[in-house]
Every structure is written in C-alpha cells, then in structure tokens.
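Chains as they are written, first to last, in our numbering: chain A, 198 to 1226; chain B, 10 to 466.
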C-alpha cells in the first residue's frame, strides 16, 4: 500500500532534507527573516502623508467649538428659543422704573416698561432701556477685593466684622452713605446693621439734588417731602428751569401725564399749554409752547414776579421777561388746573413756588402732597457734614452703598483724600469706580437684574425686583452683606424681602395664602395700596422767602452765568460706561460721545469761538466756583445770552474703557451751601483756547428749511377752526391738470390680503427723549460705532429723532434759513424706514436684496446684499445704514461696541436678529421678528392675530404713546381707529386706503413713494403761528 | 457750369510711401524701448502699485476706509466710474461712427483711440466692482446665472444691472473691433520679422495675426466684418452712457432725477473722450515721431468736435437750471441752487469754467491748431468732466430731501488711491500697447496716402 501512497513535498529543500529546512520543519509558516529594513518604505511615507493631509484638512475644516451646554435637567419654564418675561424694578440711585425683563435662554436681553405700574405707567427712559447692557459690563468686579487685590467673601467678611467690632468697641462712628434708597427692605436691612452697630448713621445724598424742595416743603407744610405731581390735570403748566420731561424728579411719569393733554383729535380740540422759562434749551423747553430765555440769576425773580402778579400785592421784582404776564394771567384763569414747577434747588425759591401753587389751588389737584414720592431724598447738609467729619477724622468707618461721591459730589476730591485716614472703608459698587478705588474693601453688589429687591417709589406704591439671571460673577447682594456684617442668622436677602412683605403687606383676611399673594406680587411686579388722604395747609413764610430772593438774585448781571444740568442720555454719569447711552444723541444738541458747554451765538462770537456746522470748535477753560475744567464749546440756539450750560456725568476716570476720560467732571463746579446749587451766577469765566476739537453730532443741519412736506405744523387756534390746519397737499402735474401725487403711478399697487402693517407717529406727543432709539438698538443688535465714526456720519441707528429748529429767515432765503432763531421753536420727528409701498430702494437693488413683503413691509435680506449702497442713495428719508466696517469681532470697535466684541457683551444680543456682517445694508424692519412671533403664536392657537399683540420695540419704549403700530387692514386696530382708515369696499386690501384723520400726513408725499408711516401734525398751543420757517 | 470742390487737405504729410508707413509705424515695435519710454512706464507702474495697495486696504478693511457716509453713499467711486466710461466713448465713436460716415481722417487715430477705450472701460469697471461691500458675492450675483435659489435672480428693474449688461457688451464689442483692426498690422510686423530673421517675433506676431495671409478674399471678409462691427458699435456709443445716466435719471434724488441726462451724458462722454484722445496722441506723435500721420489737421478736427460737444454740455447745464426753476419743484430747485452756491460751489464753478468756458477758446483757429494750447485744454476738459460727475453725484445727495441727514463728503487717501490705481493701470497698459502694438492702423493709412504719381518732387 505504501507504494501506492503518493508523497508530496513542500519543495526541494524537504526532498533534500536541507538542514536549513529541518530546523524550521515544525513551523507552518517559514520565517523568511527581514529581507529589507531600510527604515520606512515609500508606501509608509505615502500612507503617513495621506493620513496627515487628511487629518490636517479635517482639523482645519472643523468649526471651532463654541460653548453650548444642554440642560441635563431642563427647568420647567426654560425652553430654548422661547423667551420668558419677568416683572422687575429698575433702580439706579433714586431713579426708578417698573419693568418687564425679557429673558432668552437664561439671559436678560431686553427691558420694557411694566404697564401695571401706577408710577411709571409702562414708560421707560433711555437709561432704563440701556441698563441691560450694563449687566454685561466687562468692567464689573468679578468678586470682592481687599486693597485692590482679589479676595474671597469669607476673608472679607471676617476682616470687616473684626474692624466693625473694633470700631464699635471704642464707640467709633460708622456711616452708611448711599443715594436715595427706595427699597423698604433695604432700609430694614440697614436698620439691622444699625441695630448691631449703634453708632451707625445712614446718610443719603443724590448726585443731582432736590434738597431745596424737601426743605421748602418742610417749612411750607411741616414735612420734608416731595409731593407727587399730576401734569395730566394741568391745563396751564409753567416750568421755571425744571426739565420735567427730561431729568427732573420722575420724568417717565411726567412725560406720560404731560402727553395725555397733548393728544388732539377732531372731537377733542383741547390741549394744555406749557410755558418754560429757562437758560439752557432743555427737553421741556423744546416742547414748550412759549419759551423765554432767562438767566439763572433771574430765576428767583421770575418766580417772585409770578407770585407778585398772582397775589396782586402790587410789587414788582423784574420786568421785561417775555410771556411772564401772559403766563400769570392764564394760570390765574385756570385755577385748580394750573401747575408751576421750578428746578431751583434754593429753598426760598421753592417756598415761593409752593405759595404760587397754593394760590392757584394746585394742591390736591395737580400736586398731590398726600402721596409723596421717595425719589431724591438726599440730604445735602448731612452729606456736607459727612465730608467735613471724614476730613476731621471724626468717622471711623464708611460704607458706600452703591454710590460714587468721590466722583459725583462737589466735595468728592476732599472726601477721597480723607478716606485714607478712615479706619474702615467699604464700597458695594459693582465696579471699581472712583469711590470704590479709594476704599479698602470692595464688596461688589449684584447688578439689579441679578438681585432680589423691592421699592416704594411713592407712598403706598410698591414694586418687586427679581433676578432675571444667576449672578454672573462672585458678587453678593449688598443687603446680604449688611445682614452678614450685622451678624444676622438668616442672611438670605430673598427670604428677608419675602418676610418683610409677609409682615407688612400680607393679610390672611384676603383669603389668599401667602404663597399665592407673593406669586401674584412677583408676577405683577407691583403692589398698590389704598392711599390715606392727607391734607396739607400751606404755612410757609413767603415774605422772608421773597426777601431772601431779593437779596441774592439779580435782575441784570453783566457777568457770565453757568447752569449745570443733567444730560438726558447719560444722566448723572453712573452709566457712563454704557455705549448705548454714549452714542445716544443728546435730544437737543444731537451730540454723542462728547462733553461740551452750550453757549449762545452772541457770547461765542464775542469770545471768538468758532463752531461750524460740522461740530468743529475749540476747547475752552470754564471756571466756576474756583475750579476750572477744559471742555469744548457748542453754540446752542436757545441758550440765554450771558449763560453757559454744562452737563454732569462726564469726566469719569474709573468707569471702564467705554466711558473713561470723556470730557471733564462738572460736579466740582457745583457750589455747596445749605443746598447744592447748580446755578453759578458769579465768578464764571469762559476762556477760549486755541486747541481745536470736533464734537460728534448725528445731525449737522439744524432747520427744516421751510420744507412743509417734511414737517407740517400749526397752532391750536388754527386747528380748532380747521383740523386740516398746517397740512399741505402737494399736487403733481398730469398732462392737463394737477392731481394728487398718489394718483399717478407706473406701478399697479400692492394688495395685502392678510395683514397690512403701518405706523402712526404723533409729533405732538413725541417729546424727543430718545428712549425708542436705545430700545431699537437693543432689540435689533444695532452696532455702536464710536465717536470717530459718528464724525464720519456713519452711526448705525435704525431709528433716529430728527430735531429741527425754526429760523427767522424768509422761506425764499435759503442761506438765511440755515441759521436757527436765537430762541427757536423746536420740533422732533422720529425717522425710521417708512416702508414705502412704491419703495425707491427696492427697484434699484441689482440683486433683489431688498424686497416688498405681502404685508407691506420693506424687507432687507442681509445675506443677499452685495453692498452697492444704491438703495441708500435712493432712499429719500436716508434711513438705510451701511456696514462700513466689520463691527463685530473686531478689536477696532471693542471700546464702542462691547456687545459684539466681548464674550460677556455678546450675551445681550437678541438671538432673533442677525448680527450684520461687513459690507451689507441694514435698516428698520418694523421688528419683523416680533411680527413673526405674534403670527406664530396666533397660528399655534388657531386664531387670528389680535391688535396689540405685536408691539415694535420703539412703540413699547415710547412713554408718551406717540408711536402706534398695527394692522391697517384690521378696522378694529388702534392704528385704523387713530388714522380713521376707511377701506374701499371695492378694493378692501388695496394700499390706497382713505385716511380720515385730518392730521395724518406722509413725509414727502409729493414723490409718490407711498410710505406706510403716517405722522400727525405738530400743533403748538400758541395764539398765533410763528411767521417764518 | 462747372462746380469745383476745394482740394481736400492731405491727411498724411511728408510724402510718405507705403513702405515708409510700414517703416515708421513698425519702428517702435521692433526697436528697443527708449529711456523716455522706460521712465514713463516706470512712473505708471509705481502709480499702479500704490493703487493696488489702496485697493487691498479697501478689500481687507471695508468700504469704510473711504470717506463715504450715511448720506453720501457714492462719491469718488462712481464719479471715477462715469468719468472713465465717458473717456471710453471716443474710441468707438471714432472707429465706428466715423467709419460709417467715411471720415478718412479718423484712420490715423482710431487705433490709439480704441486702445484707450478698452483700457478706460477696464478702469471704469473696477469701480462698480470695488465699490461693492461684498465684491466676492456681487461678482456673480449680478449676473443672471442659473442657480438653485429658486426665483431669486438678478433684479431686472435695477439700472445697476443694466449697467452690467451695457458695460460688458460695450467692452466685448470694442475689444473685438480693436483686435480685428490689429490683425493685418500684426501680419506686417510678422512679415518684416521673417525678413529680418527674428524668429521669436515672427512666431508671436504670427499667432497674434491668426496667420493672416493678405489674400483678396481675406481682405474682403475683413472689410465686411469691420463694417458689421461698426454697425453694431454705433448704437453702443449712444446706449452705454445713456444707460449709465439711468443710474441717476431713474432715481428719486433731486438733481439726479432728470430726463435730460441721456443726451447730456452722451455728449459729455464724447467731449471727454476726444479730450483724452488728444492728450494721448499729442504725446504719442511726439514720442514716436508720427507728426506726419497725426497732423495739425487731425488735431483741429478733433478740437472742432470738442467745441460742439462742449457747447452741447453747456446748454444742458443751463437747461437743467431752467427746468429746476420752471418746474417749481422745491427740492429740485434747492438742489440746483445748492450746486451753484452751496458748500460745493467750487466744484460746480470748476466744472463750468473747464467744460463750458474753456472749449470756447477753440473758436480761434490759432488756438485750435496750436499743439500746446490743445494739450493744456484737453487736460482742462477732463478735469472739468471729472468735476461734472462729482457735482452731479455728490452735491445732489449730500443735501437731498430731509435736512436732518444733510452732510458733507471728504475724500480719504484711499478714495484718491483708487483713482490713482486706474491711472496707473491705464498708462501702464497704454505704454505696453504703444511699445508692442502698432499705434496707427497701417493698413488703413496706406489706403489714404497719395500714390507716388501724386507725390510732390
């Protein structure tokens, strides 16, 4: 058998029994050994290279990782992309506003007024609107500091408590210094502190003081209070240097009240009349029907003269003040419907003002002393005493609670020096500001949007503040600090406020449990209690006051006088690091980013100051009260000759990169007497220097050149006769006749089958305050461009307020009309995209980046835009804004535009609105993102969209309700009713609707672009119209 | 009765023969460039490089480096655009319309004029491109290309889109026309190169001449194509600047919205184009010693065109003012009042002086036959025409409807730099052209020289 078995060999080596083979015979695979080992093969190289190239290109393609961390446990009410709204309270010094905070994805991005508030009545101001950006201020302290070095709360508390005890042990004096505190709970927390350290006194002061009113009321009525005013009840208002629409006491509330009597309809042809006697052209003066220029030294005499005429005492303190007799006569004939207010901080003047109001029966009608307000409770004397005590070494501990007296008190420099010798100095300021930098301990407070708090702006009106975001930094609520330092067991301020409310406001008799009550209060944000009527009898010593006025005032003063005022945008300077406010044009001067004195043309000419239309001017040395500051000079129509005005709020040195070293600090110029005096009537000099300076203004042409197609205005007496007063009806020429501009068109005209959005703006109730401008900036992520770019006339504001002065020149005299009157009439015109139906911008865009929607909107498609700027050239209203540079993620604009250039700032951006890139055009969209939200909500709920559901940001911000937005196809909408829109039954959706309101006009009607924004004529309550443009 | 027409002026002087023509005109192509050429070319190149730097800055930083603002969205960019397009008109006018009208004097100047047209149109086209905020997208979004965006396409209502078509058409036709004319001349240089034994040059010019054989059939075809292209170009002379003027005329801006613009712009374009041709030719004839081909007679004829077009432009200016007054539209009236007396009065009066008053000097024969006077005035005219566009664009929009937005325009280094860029390009290209291409159309000139029998001895 074996022979038949075939034998197979693996190969010759096996056959031959090669020893090399035998050695490895048991292995299945023969190891041939490494035959070639010359490092790496070509193949390896190619593999490695292939891998590296692929890896490198993959890595390069991958987008950088952004921090987006999803919730592990999603809170019930936090849905990505869906905003929540929380009622809260804006508190800044003594300024107050009840607000609603819009929170998107855990970040507060917008602040709006709370309509439930009986104090601010849903209004806001530019400062309130801008405050949301201050939350994300890079300059904020990240945590407590000891002597400028970062520390932690435990160490800080230990050291502070030890020092406090040491001071208390030796009976040393402790002071808590603050601005007016509106919060009762805060006061209670401070009381706890005071209880623990019995030598503590709480001193309140205000950067801009109204102590004179407090003192005058103390003498007139026996109570140091500031009453509520009700401008809505007044038919005749006389303001003597009180800018109640801009900055005086409670401007949001006053604007709202004032506007109610400025609304005119065909049915109600009545309005109030406002007289203004002032030196600077203020917002109130600009809205006055009759404005007279006086010097501050005459202020007291004007008040006295008004009293003399009204009381009929036969005396005369001053003559020749325009409109004074007329004002007095009208006040007299409107007793009970009259109101006199005065901005003076002089006690005697305010006593005479009280006497006048008493004669006029204003108490109980237009002035409500029964509901005193809690704003501006600062005590100038106590504050001056504190500075003196600190200098004299009589104080051992000072806690600055959210105030900055080193900067904003006239004696700030003295205070700063003396702080070095005070044993314990603490500041709770959330930024290392001038005062905080001068103290030993910085214990930063939360921003108000991170805080629990409450407020009592007026007697029996309360509101709550709730955090809208978890604190960004390791800050701690100041009230909690007080409680900790007081050694309280329970230091949680939320609990503290809640307990305070439980004890003070909650009554089980209401049938609600406390939680329900608390939730309701928190939801509403406000709580109003019934007012206990109180009667006040005037018992001031008018004779003494008149004598005092006579001794200080001067009917004629040859020297220059100075009025120190608070600017509408920047206020007292506490928000100076907020670029929204720095770039907000001053309502009157239209200047941004700059500090200046306002001076009359006459004085400027005498001093040789040349201020051209482009804002080029010289620096001047302004000396008052022994101090000199160097600021630019701005020639201001309406500035009383012989006076200059200068704003506080500038010249901050420690405020952050945005606001640092803009202008000079004007607080040291304020004279310190019994009360702080903001009018310096002697020792004022202005010396021109040769240093040139350019002020960045957003508007460089002052008058409207007699163009009645832009501004249509008249006076009440004419309006009463004919509601079409002031209207102009331009005609265009057809081949055989004159026709309305809308009648001839190349276009077929649109039909809007669903909504037809439109807007009405009442020039009568617009006060020009600028809150809408800031609101629009915040809502629409509008870039802020900084001073140089404003000088280059490239501000990005989608909504601006045009301010025009009247001119004395004849309408034919074009050169003359460029010059404003010495004391001009002023008109404000909010100007935004007019959403033309025959839009000139749409036809000229080569790529159809701007198109018309089916709802009447003129839309801008940013990612389609190639930036030819043809649309902007062809826009008759010049409302289109071009992105000249990349304003986001660009260090060049870090200072002016932190909201797009810092990680912190970016949190404020509205995620619903694209941040525009370089090279594209942008403009007002009628807040199309809000329209979409409104429509989607209605769609989800399967109903039609109701009027008032969609509110544009500017409309929401407008305190006076001058802006009305809505659906013009809906006959029930507010705008339809206001404009008295009548649809043609044949063509109900046509754009050519009949506008029944005789005051409604479209700007530049004659060019036939058919805007969807209507303006209501400006009607001044004057006897006779001014003759010239 | 016998009618005697006056003897026409000789178009080419110096008793040139056909051979002389080839010699004279090919000389500078074949010779080494002179020192003068190098200097001029070097300066042009430096200007071009500076311009490229400015252009790069604009593209890198954004349009903001220019002096434009919210009110004045166009200034130097579109001014320069219109100015260059205007200059680009003379070439086509000379080669097309004058060809159709059988104006033989055009033959010595049409080549250079056409080259100038091509370069001027390229210069002009840079501005609409660079002035865009997002050039990288605008380059192709304005073209009606098929895309995947559904109905999103170019907007045919926009005059800017019409511009795109007008300029590209004009450029294409001009280029083809110009190149067509060059072909026989390239062949001459090739043939001479073959004779001289310069193989490289022969190869290059052979390629450029597409192997031109000079056969009778080829000549016949050549002449028919030239006529067809002339016919095509003729309406373009009128249409291009008409369409450019539509950018303004169809807008609502007072001062722009004017029906007189199309003829006024066309006249202005020819006016400035002829002035530029004069400037260039006076230099060229001197540098390349072509006085016999470009004679005083040529210069005089062109100066006459300048008087005519300058007067048309002047009448247009006056008509605008008359209509502004007669029309009683307040905004328009103010726009013209502001032009003459507003902050830009100096620009307006510069324009009036340069464009309306100075060309009238050519009524004097002494001046219009004087080389120096013609050279100076030709430059003055183009300064005036630049101001005309600046006045129309800037003084109209800087003060339009709402006085609140009125503002001023101040140019920056980069505005100026972009203008210098185009000068740099224009002269660099022109010098290259003058060195490498025959600057006078030899083939055509040969047809108008007097034959030897007529030659004066």
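Glycine is no exception: its CB is placed at the ideal position from the N, C-alpha and C atoms.
Could you confirm whether any beta carbon from chain A is found closer than 8 angstroms to the beta carbon of residue 25 of chain B? no
Do residue 1165 of chain A and residue 955 of chain A come within 8 angstroms of each other at the CB atom, strictly closer than that value? yes
Is it true that the CB of residue 778 of chain A sits closer than 8 angstroms to the CB of residue 305 of chain A? no
Counting contacts by CB-CB distance shorter than 8 angstroms, is residue 1067 of chain A in contact with chain B? yes
Is there at least one Cβ from chain B nearer than 8 angstroms to residue 773 of chain A's Cβ? no
At a CB distance below 7 angstroms, what residues from the segment 886–902 of chain A approach chain B? Give them in sequence order. 896, 897, 898, 900, 901 and 902
Could you tell me whether the segment 72–89 of chain B touches the segment 436–452 of chain B, using the rule of 3 or more Cβ pairs below 8 angstroms? no
Give a yes or no on whether 8 angstroms exceeds the smallest Cβ distance from residue 1040 of chain A to chain B. yes
Under 8 angstroms between C-beta atoms, does residue 1207 of chain A make it to chain B? no
Tell me which same chain residues have a C-beta within less than 7 angstroms of the C-beta of residue 804 of chain A, skipping the five on either side of it? 883 and 885
With a threshold of 7 angstroms on Cβ separation, who are the neighbours of residue 455 of chain A within its own chain once the five nearest residues in sequence on each side are excluded? 428 and 442
Using only the alpha-carbon positions, how far apart do residue 700 of chain A and residue 1137 of chain A sit? 43 angstroms
My output table needs one value for residue 154 of chain B: the three-state DSSP class, helix, strand or coil. coil
Bridge-paired residues (DSSP) for residue 399 of chain A: A:373
Using 8 angstroms as the limit for Cβ to Cβ distance, is residue 1226 of chain A near chain B? Low confidence applies to residue 1226 of chain A: its pLDDT is 46, below 50, so where it sits in the model is not reliable, and the reading given next is rough at best. No, residue 1226 of chain A does not count as interfacial toward chain B.
Is residue 422 of chain B close to chain A? Criterion is C-beta to C-beta, closer than 8 angstroms. no
Return the chain-ordered list of same chain residues with a C-beta closer than 6 angstroms to the C-beta of residue 433 of chain A, the five sequence neighbours on each side being excluded. 470, 527, 528, 531 and 535
Beta-carbon gap between residue 150 of chain B and residue 1063 of chain A smaller than 8 angstroms: yes
Looking at residue 512 of chain A and residue 505 of chain A, is the spacing between their C-beta atoms short of 8 angstroms? yes
Return the chain-ordered list of same chain residues with a C-beta closer than 7 angstroms to the C-beta of residue 766 of chain A, the five sequence neighbours on each side being excluded. 323, 778, 781, 783 and 967
Specify the secondary structure class of residue 1115 of chain A as computed by DSSP and reduced to three states. coil
Compute the Euclidean distance between the alpha carbons of residue 389 of chain A and residue 1092 of chain A, then round it to the nearest angstrom. 42 angstroms
Short of 6 angstroms in beta carbon distance, which residues of its chain neighbour residue 829 of chain A, apart from the five on each side in sequence? Order them along the chain. 793, 814, 816, 890 and 892
Which two residues bound the contiguous beta strand (DSSP E) that contains residue 880 of chain A? 876–891
Boundaries of the alpha helix (DSSP H) in which residue 359 of chain B is found, first to last residue: 354–361
Find the residues of chain A that neighbour residue 414 of chain B, judging by a C-beta separation of less than 7 angstroms, and give them in chain order. 1075
Sequence-distant residues of its chain with Cβ nearer than 8 angstroms to residue 212 of chain A (five each side left out): 206
What span of residues does the alpha helix (DSSP H) with residue 388 of chain A cover, start to end? 381–393
What residues in the segment 998–1011 of chain A have a beta carbon less than 8 angstroms from any beta carbon of chain B? 999, 1000, 1001 and 1011
Using a Cβ cut-off of 8 angstroms (strictly closer), state whether residue 82 of chain B contacts chain A. yes
Note down, in chain order, each residue of its chain lying with its Cβ closer than 7 angstroms to the Cβ of residue 846 of chain A, except the 5 sequence neighbours on either side. 763, 764, 767, 768, 769, 770 and 773
CB-CB under 7 angstroms to residue 742 of chain A, same chain, minus the five flanking residues each way: which ones, in chain order? 545, 548 and 549
Going along the chain, which residues of its own chain have a beta-carbon closer than 7 angstroms to the beta-carbon of residue 663 of chain A, five neighbours each way excluded? 283, 285, 649 and 719
By the criterion of Cβ-Cβ separation under 8 angstroms, what are the contact partners of residue 142 of chain B in chain D? The structure shown contains no chain D; its protein chains are A and B.
List, from N- to C-terminal side, the alpha helix (DSSP H) runs of 4 residues or more that fit wholly inside the segment 744–788 of chain A. 776–779
Pairwise C-alpha distance: residue 347 of chain B and residue 467 of chain A: 41 angstroms
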